[in-house]
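First up is the structure itself, then whatever we jot down about it.
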Amino acid sequence: MCSRVTKVSPSMLSADFAKFGEELIRVERAGADWVHIDVMDGNFVPNITIGPDVIRSVRSLSRIPFDVHLMIQHPENHIRAFAEAGADMLTIHVEAEGDKEEAIERIRESGITPGISLNPGTPFSDIEPYLDRVNLVLVMTVQPGFGGQPFREEVLPKICAIRDYAKKNGRNIEISVDGGINRTTGKRCVEAGATVLAAGSYLFKMPDMASEISLWKKFDSKA
Ligand code: DX5
Ligand code: ZN
Numbered sequence: 046m047c048s049r050v051t052k053v054s055p056s057m058l059s060a061d062f063a064k065f066g067e068e069l070i071r072v073e074r075a076g077a078d079w080v081h082i083d084v085m086d087g088n089f090v091p092n093i094t095i096g097p098d099v100i101r102s103v104r105s106l107s108r109i110p111f112d113v114h115l116m117i118q119h120p121e122n123h124i125r126a127f128a129e130a131g132a133d134m135l136t137i138h139v140e141a142e143g144d145k146e147e148a149i150e151r152i153r154e155s156g157i158t159p160g161i162s163l164n165p166g167t168p169f170s171d172i173e174p175y176l177d178r179v180n181l182v183l184v185m186t187v188q189p190g191f192g193g194q195p196f197r198e199e200v201l202p203k204i205c206a207i208r209d210y211a212k213k214n215g216r217n218i219e220i221s222v223d224g225g226i227n228r229t230t231g232k233r234c235v236e237a238g239a240t241v242l243a244a245g246s247y248l249f250k251m252p253d254m255a256s257e258i259s260l261w262k263k264f265d266s267k268a
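One point on numbering: in the working numbering, the residue at position 110 of the sequence shown is 155, and numbering is uninterrupted.
Below is the structure:
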């Protein structure tokens with residue numbers, strides 16, 4: 046595969062929620078490709094974050110694509126609300142309760158990009174049945190629910206397996222990694238096949254987010 050530019054998707058979970066709109070504009074100005082928005086329901090994961098109304102309220106502030114990560118049970122019941130609120134990509138979890146086929150179908154019908162995510166302990170084989178219908182795989186490199194956790198390096202071979210699957214089947218799938226991503230772990234993920242780096246705490250603590258993002262975009266897959 047020829048080398049490609051790595052995309053960066055800063056996670057708003059680490060933003061200052063009191064200035065959510067301004068933080069979104071800051072991310073866009075720093076050169077991010079997408080912005081990662083974490084939706085948690087207090088059931089699929091123990092934490093609760095934001096819903097469609099917040100997404101709708103900031104949509105008009107920026108043109109950056111909204112990469113919305115649904116950590117919720119029964120995602121099929123909420124697809125329309127998130128699509129109408131302005132999500133450009135909607136990623137559901139393979140471990141979530143509910144009808145995943147239906148959820149993916151509804152995302153497609155809404156004219157936006159469907160994604161599937163898997164936890165560190167979930168094998169690649171669990172997402173394989175969905176891979177012909179999604180354009181994004183979000184590989185969790187921490188247990189979902191909270192920012193600021195250390196990267197789980199045992200996940201790296203799974204990134205390679207997804208990259209190999211996409212290559213073998215001629216599928217145009219973005220492979221995003223989420224959790225504990227920093228300059229070092231991000232580079233390793235790209236070398237394993239990741240095409241998108243979702244990162245919260247590390248990027249938001251950087252005094253100069255823009256120069257960090259521009260460095261990450263140059264990471265090369267060498268594959
Ligand atoms: C965790 C979320 C992540 C989180 C990553 O459940 O899905 O997107 O923001 O945060 P960091 O980069 O701090 O690990
Ligand atoms: Zn996330």
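Think of the CB as a built atom: it goes at the ideal place given N, C-alpha and C, for glycine as much as any other residue.
Residue i, enclosing alpha helix (DSSP H) - first and last residue
i: Gly231; result: 228 to 237
i: Phe249; result: 246 to 250
i: Ser102; result: 97 to 104
i: Glu199; result: Where Glu199 is concerned, there is no enclosing alpha helix (DSSP H), given that its DSSP letter is neither H nor E.
beta-carbon residue i near the ligand DX5 non-hydrogen atom, thresh 7 Å
i: Ser56; result: yes
i: Ile218; result: no
i: Asp83; result: yes
i: Pro189; result: yes
i: Gly193; result: yes
i: Tyr210; result: no
Where the beta strand (DSSP E) containing residue i begins and where it ends
i: Ser221; result: 219 to 223
i: Phe111; result: 111 to 116
i: Pro55; result: 52 to 55
i: Asp78; result: Element bounds for Asp78: n/a, residue is neither H nor E.
Buried versus exposed, by CB contacts within 10 Å (16 or more), residue i
i: Cys47; result: Below a pLDDT of 50, predicted positions are generally treated as unreliable, and Cys47, at 46, falls in that range; the measurement from the model is reported next regardless. Flag for Cys47 reads exposed.
i: Ser162; result: buried
i: Gly225; result: buried
i: Ala243; result: buried
i: Gly215; result: exposed
i: Leu69; result: buried
Spatial neighbours of residue i in its chain, beta-carbon cut-off 6 Å, leaving aside the 5 residues before and after
i: Met254; result: Ala75, Leu248
i: Ala273; result: In this structure the chain extends from 46 to 268, so residue 273 is not present and cannot be described.
i: Ala130; result: Pro97, Ile100, Arg101
Heavy atom of the ligand ZN within 7 Å of residue i beta-carbon
i: Ala243; result: yes
i: His114; result: yes
i: Asp223; result: yes
Close beta carbons around residue i, own chain, < 7 Å, minus the five adjacent residues each side
i: Ile171; result: The residue you asked about is not Ile; residue 171 is Asp in the sequence shown. For Asp171, where only same-chain residues beyond five positions count, the Cβ hits under 7 Å are Val139, Leu163.
i: Ala148; result: Pro120, Glu121, Ile124, Ile137
i: Val200; result: Pro165, Val184, Thr186
Own chain partners of residue i with C-beta closer than 8 Å, once the 5 adjacent residues on each side are dropped
i: Arg153; result: Pro159, Arg178
i: Ala63; result: none
i: Val84; result: Thr94, Ile95, Gly96, Val113, His114, Leu115, Met116, Ile117, Phe127
| said: In chain order, what are the residue ranges of uninterrupted beta strand (DSSP E) at least 3 long that sit wholly in the region 134 to 191? | reply: For the beta strand (DSSP E) assignment, the uninterrupted runs of no fewer than 3 residues enclosed by the region 134 to 191 are, from N- to C-terminal side, 134 to 138, 158 to 163, 181 to 185.
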